[in-house]
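Protein chains: 2
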Amino acid sequence: MIHNSTIDNQINHRSIRKFKDQKLNAEQLETLYTVFQHTATSMFMQNATLLHITDEAKRAKIRELCNQQYVGAEGDLFIFVVDLYRNQQIRQQLGKDDGRVHMSDLFMQGMDDTLLAWQNVANAVESMGLGYVPLGTINDHPLAMLDVLDLPQLTFPALGMQVGVPDQEPQLKPRLPLQFTTFENDYPRDFQVSDLADYDQLVTTYYDLRDSNRRIDSFTKQISGAKLDSHKIDRDQLPELLHQQGLCLDWQ
Amino acid sequence: MIHNSTIDNQINHRSIRKFKDQKLNAEQLETLYTVFQHTATSMFMQNATLLHITDEAKRAKIRELCNQQYVGAEGDLFIFVVDLYRNQQIRQQLGKDDGRVHMSDLFMQGMDDTLLAWQNVANAVESMGLGYVPLGTINDHPLAMLDVLDLPQLTFPALGMQVGVPDQEPQLKPRLPLQFTTFENDYPRDFQVSDLADYDQLVTTYYDLRDSNRRIDSFTKQISGAKLDSHKIDRDQLPELLHQQGLCLDWQ
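So this is what it looks like as structure tokens:
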């Protein structure tokens with residue numbers, strides 16, 4: 009195992025859900041933006057935009073939709089946005105039609121740009137001694153969130169991030185052993201759930217700081233349990249949302 | 009601007025398309041896998057898988073489909089895969105139905121997991137003094153690529169990466185100024201293409217090593233040009249591919 013400061017931060021990553029009451033300063037913000045800017049981008053199309061949400065009323069609305077008390081509370085709130093609006097505008101203002109911007113292919117390339125930039129910023133955050141938590145919950149109520157963010161056509165808020173000075177020290181969460189997730193050449197179809205017994209045991213030793221008095225369920229119990237059971241939720245508005253935004257219009 | 013080794017690598021990122029004839033050693037591989045493993049994951053579902061393609065015949069087929077001579081040539085080839093198959097298997101073997109694994113929501117969470125892991129590995133690569141190039145071209149012919157990779161249901165090869173010891177020193181490619189990509193609170197709809205004149209000028213000073221004898225088009229010329237013009241390509245098989253894989257079945 010090779011060690012350097014980048015890798016040591018990566019392999020010790022914990023999500024931080026409690027931050028000190030302190031905002032990022034201008035230099036920290038500039039640094040994160042510059043890292044965002046220099047992320048690899050598909051076909052040099054630069055289909056990602058970063059929103060920094062500082063308005064208290066907007067933060068409160070986002071927190072309510074995410075239903076997580078730390079969203080838009082202490083620290084700084086960012087929303088990473090797939091953005092084909094800018095390139096549509098370039099084409100329209102130069103007298104061209106929209107071309108391929110409404111295609112699923114372009115949306116997927118925008119997802120690449122945006123999510124790569126997300127993790128790039130995340131790594132910069134930790135390199136500065138700060139912490140973060142991913143906010144997938146910004147899509148718990150996609151249509152309502154779009155109203156709050158007031159985004160133009162051809163954009164999609166893919167993933168949020170709350171950043172700040174850590175005010176907790178969570179335990180390192182045990183991950184699936186590599187034998188189940190990294191393969192050479194061929195994907196093995198002979199997966200046996202019984203092979204996860206040791207890992208299941210390990211996961212139950214993890215105490216989630218969100219409820220520090222109890223251990224969490226084993227991995228296989230979580231996967232076979234309620235969170236993946238069939239149920240209707242607003243997250244199922246995602247295809248409707250993308251079409252409403254003029255994205256993936258070839259996907260009928 | 010804050011500087012440390014992580015950030016300095018990030019803001020000096022170049023894609024490397026020519027590598028020395030040298031493979032990653034076991035320690036380098038283990039390190040990249042461990043970084044992959046510790047990436048943040050949506051709802052702790054761990055919906056990502058990493059394939060390392062070492063078989064020469066398979067590398068040649070992938071190179072042909074990507075139509076880029078450096079794919080699967082010198083260095084190491086990785087394919088990052090959205091993977092809901094593993095969790096489907098857990099549910100089925102524990103006597104449960106598939107639940108939500110076929111929903112678009114779950115596919116999007118899988119994209120989050122997979123693309124975050126991609127960039128995490130990319131940053132580890134550069135921290136070790138190695139280089140990489142993103143391979144979006146693994147989806148230039150999605151149905152054919154799926155045959156080559158022989159992946160099970162509920163998986164999707166999202167993005168490839170060629171990694172190795174750099175054998176070129178590309179120029180740093182100028183990116184959109186932050187005023188066009190990072191916003192506070194509100195997304196400005198008043199974009200004016202004429203504001204990109206200086207940036208356009210800057211982009212034309214960049215020499216692409218892929219053809220070192222000529223400068224590249226300005227940014228707005230690239231966006232208003234052929235690559236975004238309407239045309240039919242195999243990349244438009246993506247929705248069909250995802251449905252064939254049992255993904256996004258709620259998206260009709």
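Going down the list, the protein sequences come from chains B and H. Using this note's numbering, read the first sequence as starting at 9 and increasing by one per residue. Using this note's numbering, read the second sequence as starting at 9 and increasing by one per residue. Glycine residues also receive a C-beta, built at the ideal position from the N, C-alpha and C atoms.
Min CB distance A125 (chain H) to chain B below 9 angstroms: Chain B contact via Cβ: present.
Cβ contact (3+ pairs, closer than 8 angstroms) linking the region 23-39 of chain H and the region 153-173 of chain H: Between the region 23-39 of chain H and the region 153-173 of chain H there are three or more C-beta pairs closer than 8 angstroms, enough to call the two in contact.
Proximal chain B residues relative to N75 (chain H), where beta-carbon distance stays under 9 angstroms: The contacting residues do not exist; N75 (chain H) stays about 14 angstroms from chain B at best.
Boundaries (first-last residue) of the alpha helix (DSSP H) holding A152 (chain B): That run of the alpha helix (DSSP H) goes P150 to L157.
C-beta neighbour in chain B for Q176 (chain H), strict 9 angstroms: No, because no Cβ of chain B sits closer than 9 angstroms to the Cβ of Q176 (chain H).
Where L143 (chain B) sits in the DSSP three-state scheme: Strand.
Three-pair Cβ contact test at 8 angstroms for the region 159-169 of chain B versus the region 120-131 of chain B: Proximity of the region 159-169 of chain B to the region 120-131 of chain B meets the contact definition, three or more beta-carbon pairs being nearer than 8 angstroms.
Reference L246 (chain H), options B:E35, B:Y41, B:T228 and B:F115, closest by Cα: When only C-alpha atoms are compared, the closest one is B:F115.
Span of the alpha helix (DSSP H), counted from its first residue to its last, around M116 (chain B): Per DSSP, M116 (chain B) belongs to the alpha helix (DSSP H) from S112 to S135.
Min CB distance H60 (chain H) to chain B below 9 angstroms: Yes - at least one Cβ of chain B is within 9 angstroms of the one on H60 (chain H).
Nearest to T42 (chain H) (by Cα), restricted to the options B:K66, B:L186 and B:D244: The residue with the shortest Cα to Cα distance from T42 (chain H) is B:L186.
Same chain, Cβ closer than 8 angstroms to M136 (chain H), neighbours up to 5 away in sequence not counted: The beta carbon of M136 (chain H) is closer than 8 angstroms to those of Q36 and T39 in its chain, skipping five residues each way along the sequence.
Own chain, CB closer than 7 angstroms to A93 (chain B), minus 5 neighbours either side, in chain order: The amino acid occupying residue 93 (chain B) in the given sequence is Tyr; Ala does not appear at that position. Spatial neighbours of Y93 (chain B) in its own chain (CB-CB distance under 7 angstroms, excluding positions within 5 residues in sequence) are listed in chain order as P160, Q161, L162 and T163.
Below-9 angstroms beta-carbon distance, D29 (chain B) vs any chain H residue: No, D29 (chain B) lies away from the interface with chain H (no Cβ there is under 9 angstroms from its Cβ).
Under 9 angstroms by beta carbon: chain D residues contacting Y41 (chain H): In summary, chain D is missing from the structure at hand, where the protein chains are B and H.
Beta-carbon proximity of N95 (chain B) to N55 (chain B), cut-off 9 angstroms: At the C-beta level, N95 (chain B) and N55 (chain B) come within 9 angstroms of one another.
Cα-Cα separation between Q45 (chain B) and H251 (chain H), rounded to whole angstroms: Rounded to the nearest whole angstrom, the CA to CA distance from Q45 (chain B) to H251 (chain H) is 34 angstroms.
Cross-chain neighbours of T2 (chain H) in chain B, by beta carbon under 7 angstroms: Residue numbering for chain H in the displayed model covers 9 to 260; residue 2 (chain H) lies beyond these limits and cannot be assessed.
Three-way DSSP call (helix, strand, coil) for F27 (chain H) in this model: F27 (chain H): strand per DSSP, three-state reduction.
Delimiting residues of the beta strand (DSSP E) encompassing L167 (chain B): Its beta strand (DSSP E) spans residues T163 to G172.
Simplified DSSP state of F191 (chain B), which is helix, strand or coil: Judged by DSSP in its simplified three-state form, F191 (chain B) adopts strand.
Euclidean distance between Cα positions of M53 (chain B) and I87 (chain H): Rounded to whole angstroms, M53 (chain B) and I87 (chain H) show a C-alpha spacing of 22 angstroms.
Secondary structure of F88 (chain B), DSSP reduced to three states: In the structure shown, F88 (chain B) sits in a strand (DSSP, three-state: E or B).
Chain H within 9 angstroms of V79 (chain B), Cβ atoms only: Judged by the 9 angstroms Cβ criterion, V79 (chain B) is not in contact with chain H.
C-alpha gap between A234 (chain B) and L184 (chain B), whole angstroms: Between A234 (chain B) and L184 (chain B), the alpha-carbon positions lie close to 20 angstroms from each other.
C-alpha gap between D29 (chain B) and D84 (chain B), whole angstroms: Taking the straight line from one Cα to the other gives about 10 angstroms.
9 angstroms Cβ cutoff, R243 (chain B) in contact with chain H: R243 (chain B) counts as touching chain H.
Delimiting residues of the alpha helix (DSSP H) encompassing L73 (chain B): Counting along the chain, the alpha helix (DSSP H) containing L73 (chain B) begins and ends at E64 to C74.
Other residues of its chain near L210 (chain B): CB distance less than 7 angstroms, five sequence neighbours each side excluded: Here the set comprises P182.
Simplified DSSP state of I19 (chain B), which is helix, strand or coil: Helix at I19 (chain B).
Any C-beta of chain H under 9 angstroms from that of L236 (chain B): Judged by the 9 angstroms Cβ criterion, L236 (chain B) is in contact with chain H.
Segment contact flag, the region 221-231 of chain B with the region 193-209 of chain B, C-beta cutoff 8 angstroms, min 3 pairs: Judged by Cβ distances under 8 angstroms, the region 221-231 of chain B makes contact with the region 193-209 of chain B, as three or more pairs qualify.
L184 (chain B) (DSSP reduced to helix, strand or coil): Looking at L184 (chain B) - three-state DSSP - the assignment turns out to be coil, as it is neither helix nor strand.
is_contact[Q117 (chain H), chain B] using C-beta, thresh 9 angstroms: At least one CB of chain B lies nearer than 9 angstroms to the CB of Q117 (chain H).
Within chain H, partners of Q10 (chain B) - CB distance below 7 angstroms: Reading the sequence as shown, one finds Ile at residue 10 (chain B) and not Gln. Within chain H, the residues near I10 (chain B) are E35, Q36, T39 and M136.
Three-state secondary structure (DSSP) of M61 (chain H): The amino acid occupying residue 61 (chain H) in the given sequence is Ile; Met does not appear at that position. In this structure, I61 (chain H) counts as strand in the three-state DSSP scheme.
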